[in-house]
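Since the structure comes first, as structure tokens, the remarks are kept for the end.
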Amino acid sequence: MAPTFYHYLPVPMGDLKDQESALGGRRLLIVVILGLLLVVGLVVALAVFAARANSEACLDGLRAEVECHNVTHLLQRQLTQAQDGVLKAETQAATCNQTLVSLMAAEKEEKDRNQKREQQLQGEIATLNDKLQQTLADLDRLRAVHRGMAELGPGPEPGRAWRVLALCGAAVFLAAAAAGGALVAWNLAASAARKPRCPEPGVNATVQPGDPAPEEVEELRRRLAEVTEREDALTRRLDQAEGVRRELEKALKACEGRQNRLQTQLTALKVEMDEAKAQETQMGAENGALTGA
Numbered sequence: 019m020a021p022t023f024y025h026y027l028p029v030p031m032g033d034l035k036d037q038e039s040a041l042g043g044r045r046l047l048i049v050v051i052l053g054l055l056l057v058v059g060l061v062v063a064l065a066v067f068a069a070r071a072n073s074e075a076c077l078d079g080l081r082a083e084v085e086c087h088n089v090t091h092l093l094q095r096q097l098t099q100a101q102d103g104v105l106k107a108e109t110q111a112a113t114c115n116q117t118l119v120s121l122m123a124a125e126k127e128e129k130d131r132n133q134k135r136e137q138q139l140q141g142e143i144a145t146l147n148d149k150l151q152q153t154l155a156d157l158d159r160l161r162a163v164h165r166g167m168a169e170l171g172p173g174p175e176p177g178r179a180w181r182v183l184a185l186c187g188a189a190v191f192l193a194a195a196a197a198g199g200a201l202v203a204w205n206l207a208a209s210a211a212r213k214p215r216c217p218e219p220g221v222n223a224t225v226q227p228g229d230p231a232p233e234e235v236e237e238l239r240r241r242l243a244e245v246t247e248r249e250d251a252l253t254r255r256l257d258q259a260e261g262v263r264r265e266l267e268k269a270l271k272a273c274e275g276r277q278n279r280l281q282t283q284l285t286a287l288k289v290e291m292d293e294a295k296a297q298e299t300q301m302g303a304e305n306g307a308l309t310g311a
């Protein structure tokens, strides 16, 4: 096949450069226009977002959310304070209960011990009264013998005088023994509880009103009076202990009432906190919906 030759017309170099410059200018113009459109779109979007963010509904939602957070923190602080108060009240109630139980146990033990001592002292007092009556009877007999001897005149028989002296010594010995027993009984009665007063020793009908009482009988009566005073003092102490016990019971009841009130306040605070959390959740959902819109 014979070769084929193509012939192109020559193009001037100046025209090529003009075409390339025009094409570059169009491209630059397109890029600038696209950039301006992008900037305008961003500005419009920011303006719309700012308008919606600064709207009254959005501001109300933000204020409500902040207020809800503040209320929640306040309720949490009040709940913590109420829990601390309940803990303190429970501690005080436990202390009051322990003190009351200890006092009641000590009081019961003291009552039992005092009852035993009371029974023992009553037996001792009955014995001493019997001895006192016997001593008074012996003294009456001795006085009667002495008056009989005085009526018979001076110079009694020696054997009879010795018998009189022996009877006097026996009477004195019995009186001393009775006084010693009374002293032991009164020492035991130092911490005894309340009991009926000791009966006063009766005076024998055979004793003449003008005759003076023996010193032992007077001493015994004095000790009986001291025991009576000690009984009164113990009675006052028991009354004071009873008053303290009643005060402790009142304090315990007050602690229980305060604990119940704190429990009620704690329950109310928990309910309010749950309501605040629910409101906060609802506000968050509404704010999310507003932001999405």
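Numbering (the numbering used here) for the sequence shown: 19 to 311. Built from N, CA and C at the ideal position, the CB exists for glycine as well.
Taking the Cα of M122 as reference, the smallest distance to any Cα among E108, A296, Q297 and L266 is reached at L266. Nearest neighbour of D102 by Cα position, chosen from S120, Q277 and F67, turns out to be Q277.
A111 and Q283 do not touch by the CB rule: their CB atoms are close to 16 Å apart, not below 8 Å. Rounded to the nearest angstrom, the Cβ distance from L93 to M291 is 5 Å, consistent with a contact under 8 Å.
In this structure, the CA atom of A296 is about 45 Å from the CA atom of L118. Rounded to whole angstroms, the Cβ separation of E298 and T90 is 6 Å, and the two are in contact under 8 Å. A Cβ-Cβ separation of about 6 Å places A107 in contact with L280 under the 8 Å criterion. Distances from the alpha-carbon of R241 to those of E136, D130 and L146 put L146 closest.
V245 counts as buried, since no fewer than 16 other beta carbons sit within 10 angstroms of its beta carbon. With respect to the 8 Å criterion, C114 and L256 are not classified as neighbours on the basis of their beta carbons.
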